[in-house]
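Student: Just so we're aligned, residue 13 is where the first sequence starts under the working numbering, counting upward by one.
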Amino acid sequence: MSSIRVRFPPSPTGYCHVGTARMAVLNYLFARKHGGVIIFRSEDTDKERSSREYEEDIIEQLHWLGLSWDEFHRTTELVSTHTKMLQKLIDEDKAYLSEEESKKEPGKMVRVVRMRNPGKVVTFTDIIRGEITFDTTELKDFTIARAIDDPLYNFAVVVDDGEMGITHVIRGEDHISNTPRQILIQEALGYPRPEYAHYPLHLGSDRSKLSKRTGDVAVRSYREKGYLAPALLNYLATLGWTAPSGKEILSLEEMIGEFELTDVHKSGAVFDIEKLNWYNRHYLQAMLAADFAAESNKVLKASFDARGIPWDEAKATGLVPIIRDHISVWDDLRALADKREFDYFFMEPQPDASRIPQKGVSAADTIRHLECVKQLLSALPLSDYADAERIKAAVWEYAGAEGRGAVLWPLRYSLTGLEKSPDPFEVAHLIGKEATLRRIDAALAMLAI
RNA sequence: GGCCCUAUCGUCUAUCGGUUAGGACACAAGCUUCUCAAGCUUGGAAGCCGGGUUCGAUUCCCGGUAGGGUCACCA
13 MSSIRVRFPP SPTGYCHVGT ARMAVLNYLF ARKHGGVIIF RSEDTDKERS SREYEEDIIE
73 QLHWLGLSWD EFHRTTELVS THTKMLQKLI DEDKAYLSEE ESKKEPGKMV RVVRMRNPGK
133 VVTFTDIIRG EITFDTTELK DFTIARAIDD PLYNFAVVVD DGEMGITHVI RGEDHISNTP
193 RQILIQEALG YPRPEYAHYP LHLGSDRSKL SKRTGDVAVR SYREKGYLAP ALLNYLATLG
253 WTAPSGKEIL SLEEMIGEFE LTDVHKSGAV FDIEKLNWYN RHYLQAMLAA DFAAESNKVL
313 KASFDARGIP WDEAKATGLV PIIRDHISVW DDLRALADKR EFDYFFMEPQ PDASRIPQKG
373 VSAADTIRHL ECVKQLLSAL PLSDYADAER IKAAVWEYAG AEGRGAVLWP LRYSLTGLEK
433 SPDPFEVAHL IGKEATLRRI DAALAMLAI
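1. Could you check the C-alpha separation between Met13 and Ser340 for me, to the nearest Å?
2. Counting only the same chain and skipping the five closest in sequence on each side, list residues whose C-beta sits under 6 Å from that of Glu83.
3. On a Cα-Cα basis, can you pick out the residue from Val439, Ala255, Val124, Val229 that is closest to Asp153?
4. Hey, out of Leu164, Leu459, Ser263, whose CA is closest to Ala241's CA?
5. Can you confirm whether the segment 81-96 touches the segment 138-147 when touching is taken to mean that 3 or more C-beta pairs between the two stretches lie within less than 8 Å?
6. Identify which residue in Glu65, Thr448, Asp337 has its Cα closest to the Cα of Ser390.
7. Please classify Lys96: is it buried, with 16 or more other beta-carbons within 10 angstroms of its beta-carbon, or exposed?
8. For the 8 Å Cβ check, are there 3 or more pairs between the segment 166-179 and the segment 199-213?
9. Between Gly429 and Pro363, how many whole angstroms is the CB-CB distance? I'm expecting something under 8 Å.
10. Output yes or no for whether 8 Å exceeds the beta carbon distance between Ala305 and Val282.
11. Would you identify the three-state DSSP class for Trp323, choosing helix, strand or coil?
12. Does the segment 23-37 come close enough to the segment 178-185 to have 3 or more Cβ pairs within less than 8 Å?
13. Is it right to say His441 is buried, meaning 16 or more other beta carbons lie within 10 angstroms of its own, or is it exposed?
14. State the Cα-Cα distance for the pair Ser63 and Asp343, rounded to the nearest angstrom.
15. Assign Val385 to buried or exposed, taking buried as 16 or more other Cβ atoms, counted over all protein chains shown, within 10 Å of its Cβ.
16. Taking one C-beta from the segment 360-379 and one from the segment 419-437 each time, how about it: are there three or more such pairs within less than 8 Å?
17. Helix, strand or coil, according to DSSP, for Ser110 in the structure here?
18. For a test of the three-state rule: what should DSSP assign to Ser54, helix, strand or coil?
19. Counting only the same chain and skipping the five closest in sequence on each side, list residues whose C-beta sits under 7 Å from that of Leu289.
20. Which runs of the alpha helix (DSSP H) spanning at least 4 residues fall entirely within the segment 124-197, listed in chain order?
21. Suppose you measure from the CA of Tyr425 to the CA of Ile285; what does that come to, to the nearest Å?
22. Run through the segment 325-356 for me and flag every whole alpha helix (DSSP H) of 4 or more residues, listed as ranges in chain order.
23. Flag this pair as touching only if the segment 229-249 and the segment 63-77 have three or more C-beta atom pairs under 8 Å; answer yes or no.
24. Whole angstroms are fine: how far does the CA of Lys351 sit from the CA of Arg319?
25. Give the secondary structure of Met121 by DSSP, where H, G and I count as helix, E and B as strand, and everything else as coil.
26. Taking the continuous alpha helix (DSSP H) assigned at Ala249, which residues delimit it?
27. In terms of residues, what are the limits of the beta strand (DSSP E) holding Glu207?
28. Which whole runs of the beta strand (DSSP E) in the segment 41-99 are 3 residues long or more, in chain order?
29. Name the residue from Glu401, Glu270, Asp453, Glu265 whose alpha carbon lies nearest to the alpha carbon of Glu383.
30. In the DSSP assignment, what are the bridge partners of Trp290?
31. Do you know offhand how far Tyr40's Cα is from Ile140's?
32. Taking just the CA atoms, how far does Pro163 sit from Thr93?
33. Sorted by chain position, which residues of the same chain lie with C-beta nearer than 6 Å to Arg19's C-beta, five sequence neighbours on each side aside?
34. Short of 7 Å in beta carbon distance, which residues of its chain neighbour Pro24, apart from the five on each side in sequence? Order them along the chain.
35. Just to confirm, are Ser110 and Arg126 a CB contact at a threshold of 8 Å?
This is the structure we're talking about:
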């Protein structure tokens with residue numbers, strides 16, 4: 013039996029940020045590794061900026077990533093306890109009500125609660141960074157509540173952590189300077205001090221704070237672009253943590269098995285979209301064929317529908333293997349489809365006559381090659397079109413003798429109308445014998461003019 | 001600016017005083033059925049600077065520099 017208790021304390025003031033996800037992942041791995049309890053606590057003390065919509069998004073995205081928790085709370089639902097503790101501090105003269113002019117609304121008088129700062133040196137041991145010391149006198153008598161029934165974050169956090177028996181506070185290093193304040197409140201209230209672990213923040217490509225300017229920060233936008241949950245999860249976990257085994261590709265279970273807070277790095281890491289893409293490609297390749305095909309067809313169909321091109325499910329399904337090794341993210345497929353990269357599978361291509369011959373090869377020779385290939389392919393029984401390898405075998409000898417490029421380029425270009433595409437055998441296999449011969453004829457006709 | 005934290009290839013990192021400083025992403029070249037993609041092979045690429053400690057420092061200590069964080073009646 014473990015007594016470890018951690019928390020996910022996001023403030024619902026925006027859509028689930030990748031930083032929030034990373035915080036949750038680290039807490040999750042630690043808690044699950046040690047059989048601890050995870051408490052999701054929505055830090056909604058800022059009533060003006062918090063909203064249920066954001067809270068729901070955070071819950072939805074964390075679930076999408078595969079994370080879970082054992083208890084759910086909202087800070088604002090715990091205010092009566094906060095008020096009680098605030099009053100206790102005031103009664104003991106460890107805090108006091110202070111009548112001052114409002115900073116937010118100049119001219120208006122408010123009664124905030126200020127901590128009576130004992131002004132001492134606070135030292136705490138961080139699991140990731142070791143000993144950290146602060147002289148708290150410079151903090152003066154800091155504010156802990158806007159009013160007796162309206163606590164500020166630093167106060168609410170300490171009370172909630174204390175009441176919920178939190179044993180490990182795992183959070184980003186932006187909170188490291190909050191820690192001495194919180195320890196002061198904690199000591200005044202008599203709560204035990206939890207273990208602290210402050211991990212470094214991840215940075216944007218220019219090493220500044222990751223923001224909308226340096227890249228996407230919302231988990232939902234990665235999801236919308238077609239990143240896979242296990243890929244984002246894997247990347248986020250290994251950004252700032254290295255598994256002892258040295259493995260870079262790890263499932264959630266494997267990460268739990270290998271995770272230790274002491275292996276979390278001390279320096280900030282740049283969020284590298286290229287590496288995320290690599291992870292995503294890996295997980296895309298690992299998808300079950302049927303699942304991949306279903307999603308692939310969905311994305312492709314949306315593009316075709318949008319452009320009014322007739323949809324052919326069977327052809328699209330045949331395309332799946334080609335798509336599979338051309339994309340890293342589903343968005344890549346969307347972009348390819350919108351750029352008409354796959355249109356030739358569904359409709360006649362629009363080749364440019366001048367580009368049918370391979371560079372340096374005459375039109376006359378090209379016509380001759382195309383005629384020969386046409387003979388070979390037309391002699392090939394329909395059943396052989398079920399296998400690209402047999403189509404290849406049919407023309408391979410001729411192409412080898414006459415120059416592969418001189419033969420294969422016009423073949424492929426005639427079938428696709430594109431300078432870049434999968435090989436002609438694969439294409440012929442997918443569009444079938446009839447279309448293959450028809451397209452060769454069309455190319456021949458263009459060249460004859 | 002004060003305080004706190006950090007510092008190895010372009011990026012993510014390994015190294016826990018002695019290594020030809022290893023790996024991954026990205027990049028380049030070559031190969032593999034014309035093009036593209038994938039794959040395979042090969043290659044270039046790093047210890048911020050200055051002092052110590054030590055027989056020996058990337059590693060330990062100090063200083064500098066740089067970057068980040070934080071200095072709210074936000075969280």
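For each residue, glycine too, the CB sits at the ideal point set by N, CA and C.
Tutor: In this structure, then:
1. Position 1 of the first sequence, counting from 1, holds the residue named residue 13. Position 328 of the first sequence, counting from 1, holds the residue named residue 340. The predicted model places Met13 with a pLDDT of 45, which falls under 50 and marks its position as unreliable, so this point remains unresolved.
2. On the first sequence, position 71 is the one that residue 83 refers to. Answer for Glu83: Ile51, listed in chain order.
3. Here residue 153 refers to the residue found at position 141 when the first sequence is read from its first residue. Answer by Cα proximity: Val124.
4. As a first step, residue 241 must be located in the first sequence, where it is residue number 229. Checked all of Leu164, Leu459, Ser263; the closest Cα to Ala241 is Ser263.
5. Verdict: no, contact absent.
6. Within the first sequence, numbered from 1, the residue matching residue 390 stands at position 378. The candidate whose alpha carbon is nearest that of Ser390 is Thr448.
7. Within the first sequence, residue 96 is the residue found at index 84, counting from 1. Lys96 should be labelled exposed.
8. Verdict: yes, contact present.
9. For the purposes of this step, residue 429 is taken as the residue at position 417 of the first sequence. For the purposes of this step, residue 363 is taken as the residue at position 351 of the first sequence. That pair is a contact at about 4 Å.
10. Looking up residue 305 in the first sequence gives position 293. Looking up residue 282 in the first sequence gives position 270. For Ala305 and Val282, no; Cβs fall outside 8 Å.
11. In the first sequence, residue 323 corresponds to position 311, counting from 1. Taken through DSSP and simplified to helix, strand or coil, Trp323 comes out as coil.
12. Result yes; three or more Cβ-Cβ pairs closer than 8 Å.
13. The sequence position of residue 441 within the first sequence is 429, counting from 1. Buried, since its Cβ has 16 or more Cβ neighbours within 10 Å.
14. Within the first sequence, numbered from 1, the residue matching residue 63 stands at position 51. Within the first sequence, numbered from 1, the residue matching residue 343 stands at position 331. If you take the alpha carbons of Ser63 and Asp343, they lie about 30 Å apart.
15. Mapped onto the first sequence, residue 385 falls at position 373. Burial of Val385 is indicated by the presence of at least 16 other C-beta atoms within 10 angstroms of its C-beta.
16. Touching, per the Cβ criterion.
17. The sequence position of residue 110 within the first sequence is 98, counting from 1. Assigned with DSSP and collapsed to three states, Ser110 falls in strand.
18. Your numbering for residue 54 matches position 42 in the first sequence. When secondary structure is reduced to three states using DSSP, Ser54 falls in the strand class.
19. Within the first sequence, numbered from 1, the residue matching residue 289 stands at position 277. First, the amino acid is wrong: residue 289 is Asn here, not Leu. Closer than 7 Å at Cβ, skipping near neighbours: Ser340, Val341.
20. Segments of the alpha helix (DSSP H) lying fully in the segment 124-197: 165-175.
21. The count along the first sequence starts at 1 and reaches residue 425 at position 413. The count along the first sequence starts at 1 and reaches residue 285 at position 273. Taking the straight line joining both Cα atoms gives about 34 Å.
22. Runs of alpha helix (DSSP H) with 4 or more residues, each lying fully within the segment 325-356, are found at 325-336, 342-350, listed in chain order.
23. Yes: the two stretches touch, three or more of their Cβ pairs being nearer than 8 Å.
24. Residue numbering aside, residue 319 sits at position 307 when the first sequence is read from its first letter. Residue numbering aside, residue 351 sits at position 339 when the first sequence is read from its first letter. Taking the straight line joining both Cα atoms gives about 11 Å.
25. As a first step, residue 121 is located in the first sequence; it is residue number 109 there, counting from the start. Three-state DSSP puts Met121 in a strand.
26. Numbered from 1 along the first sequence, position 237 holds the residue referred to as residue 249. That run of the alpha helix (DSSP H) goes 241-250.
27. Sequence index remark: in the first sequence, residue 207 carries index 195 (1-based). Annotation: the continuous beta strand (DSSP E) that includes Glu207 extends over 207-211.
28. The qualifying runs are 49-54, 83-86.
29. Start at 1 with the first residue of the first sequence, and residue 383 comes out as number 371. It is Asp453.
30. Here the question's residue 290 lines up with position 278 in the first sequence. The partner list for Trp290 (beta bridge, DSSP) is empty, contrary to what the question assumes.
31. Taking the first residue of the first sequence as position 1, residue 40 is located at position 28. Taking the first residue of the first sequence as position 1, residue 140 is located at position 128. If I take the Cα positions, the gap works out to 16 Å.
32. Here residue 93 refers to the residue found at position 81 of the first sequence. Here residue 163 refers to the residue found at position 151 of the first sequence. One C-alpha to the other measures close to 10 Å.
33. The residue labelled residue 19 in the question sits at position 7 within the first sequence. Ile51, Arg53, Ile178.
34. Reading the first sequence from its first residue, position 12 is the one you call residue 24. Answer for Pro24: Ser54, Asp56, Ser62, Ser63, Tyr66, Glu67, Ile70, listed in chain order.
35. In the first sequence, residue 110 corresponds to position 98, counting from 1. In the first sequence, residue 126 corresponds to position 114, counting from 1. Contact: yes.
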